[in-house]
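Numbering (full-length UniProt numbering), first residue to last: 1 to 120.
Beta carbons: idealized from backbone N, C-alpha and C, even for Gly.
As the structure is a computational prediction, the values presented were derived from the model and not from experiment.
Each remark here refers to the structure printed beneath this line.
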Amino acid sequence: ALLAQEYDLLVLEDLGVRNLVQKGENKKRRRLRLHDSSFSELRAVLEWGFRKRGKLVLPVPAFNTSRECFLCGGINQSLTLEDRVFLCPYCGFSLDRDLNASLVFLKRSGWVLPFWCACG
Numbered sequence: 001a002l003l004a005q006e007y008d009l010l011v012l013e014d015l016g017v018r019n020l021v022q023k024g025e026n027k028k029r030r031r032l033r034l035h036d037s038s039f040s041e042l043r044a045v046l047e048w049g050f051r052k053r054g055k056l057v058l059p060v061p062a063f064n065t066s067r068e069c070f071l072c073g074g075i076n077q078s079l080t081l082e083d084r085v086f087l088c089p090y091c092g093f094s095l096d097r098d099l100n101a102s103l104v105f106l107k108r109s110g111w112v113l114p115f116w117c118a119c120g
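Here it is as structure tokens:
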């Protein structure tokens, strides 16, 4: 409820938990962890709180957000989970991996960044 009072827009990663549960190795273990963590319940509570107050809820596709360059949109296919800094092989843009992914989400949501954020 506090988030919905403070913010007008909730941008959610459209993870598709059902698909995650069905893919990959150790399916049973992953399935148990995902269901135990209650992604869908958290999402439902957040969405309800925002919509109740007439706020916007926007699901954004999650595919390649941590590998996509915020500036040019290029995909860094060689990025691994151990890499904490995103480096674009196309334009040379470099930024903390999580911050870059967050900016990609904002870009996909249609949000326009202030001019001072467009650094390169």
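Beta-carbon separation (whole angstroms), residue i vs residue j, contact threshold 8 angstroms
i, j, result
"LEU58", "SER102", "Incorrect: roughly 14 angstroms between the Cβ atoms, too far for contact."
"ALA4", "PHE39", "Wrong, their Cβ atoms sit about 19 angstroms apart, outside the cutoff."
Coil, strand or helix - residue i by DSSP
i, result
"SER66", "coil"
"residue 123", "One cannot answer for residue 123 here, as it falls past the ends of the chain, which runs 1 to 120."
"SER94", "strand"
"GLU13", "strand"
"LEU99", "helix"
"LEU71", "coil"
Close beta carbons around residue i, own chain, < 6 angstroms, minus the five adjacent residues each side
i, result
"GLU47", "VAL57"
Given residue i as reference, the closest of the options once Cα atoms are compared
i, options, result
"GLU82", "GLY74, SER40 and ASP96", "ASP96"
"LEU106", "VAL45, ARG43, SER66 and GLU41", "SER66"
Same chain only: Cβ atoms within 8 angstroms of residue i, ignoring 5 sequence neighbours per side
i, result
"PRO89", "GLY74, ASN76 and SER78"
Taking 8 angstroms as the cut-off, does the segment 46 to 60 touch the segment 3 to 12 (at least 3 CB pairs, one atom from each stretch)? Contact between the segment 3 to 12 and the segment 46 to 60 is present: three or more C-beta pairs spanning the two stretches fall below 8 angstroms.
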